[in-house]
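Asks: Here the sequence shown is numbered in the numbering used here, starting from -14 and rising by one per residue.
All C-beta atoms in this analysis are idealised placements derived from N, C-alpha and C, irrespective of residue type, glycine included.
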Amino acid sequence: MAVTIVAILMIMLGYFLILYGVVAFIQDKRFFSSAPKENLEAIPDKKQRFPGASIVGWIIEVIALALFAGAVILAAWDGVKNNFGFGLFFARFIAMLYCMEIYDICFFDWVLLCHSNFFPHFYPELKGVVGPHMFGYNKKTHIMHFIIYIPICLVVAWVCTLF
-14 MAVTIVAILM IMLGYFLILY GVVAFIQDKR FFSSAPKENL EAIPDKKQRF PGASIVGWII
46 EVIALALFAG AVILAAWDGV KNNFGFGLFF ARFIAMLYCM EIYDICFFDW VLLCHSNFFP
106 HFYPELKGVV GPHMFGYNKK THIMHFIIYI PICLVVAWVC TLF
């Protein structure tokens, strides 16, 4: 259980770093495909905030991806070490992905998008555009993720039982 919680926390940190690196440093609209259309229209094409900003952003992105990979490797390694069966592997990985999705909904959408100054801080053009009315703009995507995670976790659990 403790390893699963550590892996979930690693994923949450990695997920936040992905958002932070792109929004604060890379600032390339190509990475904002999941943002509400109103936000995309209000955000201008920007140049770097300071020389080397995109390099800092890409370093943050690499760290974030390393956290994701580390969480998966830790979860799989611990399960193999402790002789997890298919069911325990599936439960661990579905918990990790479902917690990531719930974190996305509660923290990214509810807190950062709807009730904070996070996005307007980096993009002042979004003042008055973002707010509580934005919550739920991507509910179909979240529902699809909850469904798609099931077969993904089934496959990952099966692969882990092969070791």
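Any chance the region 42 to 58 sits against the region 0 to 15, with 3 or more Cβ pairs inside 8 angstroms?
Replies: yes
Asks: For chain C, check one thing: does any of its Cβ atoms lie closer than 8 angstroms to the Cβ of VAL141?
Replies: Absence of chain C from the displayed structure is noted, only one protein chain being present.
Asks: With distances taken Cα to Cα, identify the nearest neighbour of ASP13 among ALA(-13), VAL(-9) and GLY42.
Replies: In the sequence shown, counting from the first residue as 1, residue 13 sits at position 28. Closest option to ASP13, Cα to Cα, is GLY42.
Asks: Assuming TYR134 and LEU82 are in contact, meaning their beta carbons sit under 8 angstroms apart, how far apart are those beta carbons, in whole angstroms?
Replies: Translated into positions along the sequence shown, residue 134 becomes position 149. Translated into positions along the sequence shown, residue 82 becomes position 97. Contact holds; Cβ gap of about 4 angstroms.
Asks: Since CYS122 and PRO21 should fall inside the 8 angstroms C-beta cutoff, what is the C-beta to C-beta distance between them, to a whole number of angstroms?
Replies: In the sequence shown, residue 122 corresponds to position 137, counting from 1. In the sequence shown, residue 21 corresponds to position 36, counting from 1. Sequence check: residue 122 is Tyr here, not Cys. Right, the Cβ-Cβ distance comes to about 5 angstroms (below 8 angstroms), so this counts as a contact.
Asks: Have a look at ALA9 and ALA142 and give me their C-alpha separation to the nearest angstrom.
Replies: Position 24 of the sequence shown, counting from 1, holds the residue named residue 9. Position 157 of the sequence shown, counting from 1, holds the residue named residue 142. Roughly 36 angstroms separates the two Cα atoms.
Asks: DSSP three-state label for PRO29, please.
Replies: Residue mapping note: residue 29 aligns to position 44 of the sequence shown, counting from 1. In this structure, PRO29 counts as coil in the three-state DSSP scheme.
Asks: Looking at LEU111 and VAL120, is the spacing between their C-beta atoms short of 8 angstroms?
Replies: On the sequence shown, position 135 is the one that residue 120 refers to. On the sequence shown, position 126 is the one that residue 111 refers to. At residue 120 the sequence reads Phe, which differs from the Val that was named. No, these two residues do not count as a Cβ contact at 8 angstroms.
Asks: Using CA coordinates, which residue listed in VAL7, THR(-11), LYS124 and PRO36 is at the minimum distance from ILE90?
Replies: Indexing the sequence shown from 1 puts residue 90 at position 105. Closest by alpha carbon: LYS124.
Asks: On the criterion of 16 or more Cβ atoms from any shown chain inside 10 Å, does GLU46 qualify as buried, or is it exposed?
Replies: Taking the first residue of the sequence shown as position 1, residue 46 is located at position 61. Buried, because 16 or more other Cβ atoms sit within 10 Å of the Cβ of GLU46.
Asks: Assign MET(-5) to one of two classes, buried (16 or more other C-beta atoms within 10 Å of its C-beta) or exposed (fewer than that).
Replies: Here residue -5 corresponds to residue number 10 of the sequence shown, with the count starting at 1. A residue is called buried when at least 16 other Cβ atoms come within 10 angstroms of its Cβ; MET(-5) meets this threshold and is buried.
Asks: Between VAL115, TYR88, PHE148 and HIS106, which has its C-alpha nearest HIS130's C-alpha?
Replies: As a position in the sequence shown, residue 130 is number 145, starting the count at 1. The option with the nearest alpha carbon to HIS130 is TYR88.
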